[in-house]
Amino acid sequence: MREDTLKPWQYRSWIFIRDPKFRPKAARIMDLYAGAFEGVPLGADEYVVSSDEKTSIQARCRCHPTLAPGQARAMRVNHEHRRGGALAYLAAYDVHHARVLGRCEPTTGIVPFMNLVTQVMTSEPYAGAKRVFWIVDNGSSHRGKAAIDRLAKALPDAVMVHTPVHASWTNQIEIFFSVVQRRVVAPNGFTDLGQIRDRLRAFEDRYNATARLFQWKFTTSDLDDLLTRLDRHTLDRQEESSAAPAT
């Protein structure tokens, strides 16, 4: 195995594509990132926001003060902690202007998500926009045609666009949430929920003052190449299975 560089104890999890509309759904999002919708370039008064919820951010009050890092020594965080509750952080990220608007809610759901939508859509420049495209995944807060109709009825200028099933990687808000996890949440020594809210609010303010656009490079051409490789891999496995001798 060493000569063949095989490491059977290592593995990576993945989810096989099972959304029959994966390609058109993903392509629509790639086009929006590139500044177009249904083949038409977006106007200056049209915006694209990527949105989702970061669930269950817990306040963990450590039972011993955290020790600051030193030379050749990592920060030391006591494992034992007292639970101070949890909240959800909902955010909308403007993919073309590197602007984020967020809010904390006790939990996720339709009402908290619509609270975020209302917050964004009543703020400039979105309040005066011709259209605002909302890219969301298929979570229960904004799933299916019912969510599309609900948003259109409440705010006709808002257009909901779903990612393919199990394809949150196409949603840029997940990149922002990874930044939040590293720079705000970890290693989690919050004394209470109020401290979490204050830290998130302060981070939003600083982020909006200093952020740069995410360098999204995955295009519809890359998408087609990926799907072609997956099809080829599936075909090869099927041929291997059919050629295997019967036991």
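Using our numbering, the first residue of the sequence shown is number 1231, and each one after it goes up by one.
Heads up, the beta-carbon is just placed ideally off N, CA and C, and yes, glycines get one too.
A quick note: this is a predicted structure, and the numbers were derived from the prediction, not measured.
Does the Cβ-Cβ distance between residue i and residue j come in under 8 angstroms?
{"i": "Ala-1318", "j": "Thr-1338", "result": "yes"}
{"i": "Lys-1360", "j": "Glu-1276", "result": "yes"}
{"i": "Val-1485", "j": "Val-1279", "result": "Only positions 1231 to 1477 of the chain appear in the structure, and residue 1485 is not among them; the question remains open."}
{"i": "Ser-1368", "j": "Arg-1290", "result": "One point to set straight first is that residue 1368 is Asn, not Ser, in the sequence displayed. Result no, Cβ atoms of Asn-1368 and Arg-1290 do not sit closer than 8 angstroms."}
{"i": "Val-1330", "j": "Phe-1406", "result": "yes"}
{"i": "Leu-1465", "j": "Ile-1247", "result": "no"}
{"i": "Ala-1257", "j": "Leu-1453", "result": "yes"}
{"i": "Met-1351", "j": "Ala-1388", "result": "yes"}
{"i": "Met-1305", "j": "Thr-1450", "result": "no"}
{"i": "Leu-1457", "j": "Arg-1242", "result": "no"}
{"i": "Leu-1430", "j": "Gly-1315", "result": "no"}
{"i": "Leu-1262", "j": "Ile-1403", "result": "no"}
{"i": "Ala-1328", "j": "Ala-1439", "result": "no"}
{"i": "Leu-1346", "j": "Leu-1320", "result": "yes"}
{"i": "Cys-1334", "j": "Arg-1412", "result": "no"}
{"i": "His-1396", "j": "Ile-1245", "result": "yes"}
{"i": "Met-1390", "j": "Ala-1376", "result": "no"}
How far does the alpha helix (DSSP H) with residue i in it extend, from its first residue to its last?
{"i": "Ala-1432", "result": "1423-1440"}
{"i": "Lys-1255", "result": "1252-1263"}
{"i": "Ile-1247", "result": "From DSSP, Ile-1247 is part of no alpha helix (DSSP H); its letter is neither H nor E."}
Per DSSP, which residues does residue i bridge with? Please list them.
{"i": "His-1392", "result": "Val-1366"}
{"i": "Ser-1408", "result": "The partner list for Ser-1408 (beta bridge, DSSP) is empty, contrary to what the question assumes."}
{"i": "Lys-1375", "result": "Answer is none; Lys-1375 lacks a bridge partner."}
{"i": "Lys-1284", "result": "Tyr-1319"}
{"i": "Tyr-1277", "result": "Val-1362"}
{"i": "Ala-1266", "result": "Pro-1271"}
Would you call residue i buried or exposed, if buried means 16 or more other Cβ atoms sit within 10 Å of its Cβ?
{"i": "Glu-1434", "result": "buried"}
{"i": "Glu-1283", "result": "buried"}
{"i": "Pro-1394", "result": "buried"}
{"i": "Asp-1323", "result": "This sequence places Tyr at residue 1323; Asp is not what is there. Its Cβ being crowded by 16 or more others within 10 Å, Tyr-1323 is buried."}
{"i": "His-1392", "result": "buried"}
{"i": "Thr-1400", "result": "buried"}
{"i": "Val-1270", "result": "exposed"}
{"i": "Ala-1266", "result": "exposed"}
{"i": "Ile-1287", "result": "buried"}
{"i": "Gly-1374", "result": "exposed"}
{"i": "Leu-1236", "result": "exposed"}
{"i": "Leu-1443", "result": "exposed"}
{"i": "Gly-1300", "result": "exposed"}
{"i": "Leu-1381", "result": "buried"}
{"i": "His-1494", "result": "What the structure shows of the chain is the stretch from 1231 to 1477, and residue 1494 is not part of that stretch, so it cannot be assessed."}
{"i": "Gly-1332", "result": "buried"}
Could you tell me whether any non-hydrogen atom of the ligand NAD is closer than 7 angstroms to the CB of residue i?
{"i": "Glu-1233", "result": "Of the ligands one can find in the structure shown there are none, so the ligand NAD has no counterpart to examine."}
Quick one: is residue i near chain D, going by C-beta distance under 8 angstroms?
{"i": "Ser-1286", "result": "The structure shown has no chain D; it contains just one protein chain."}
Could you name each continuous beta strand (DSSP E) segment of 3 residues or more that falls completely within the stretch 1291-1373, going from the start of the chain to the end?
-> Complete beta strand (DSSP E) runs here, min 3: 1311-1324, 1329-1335 and 1361-1366.
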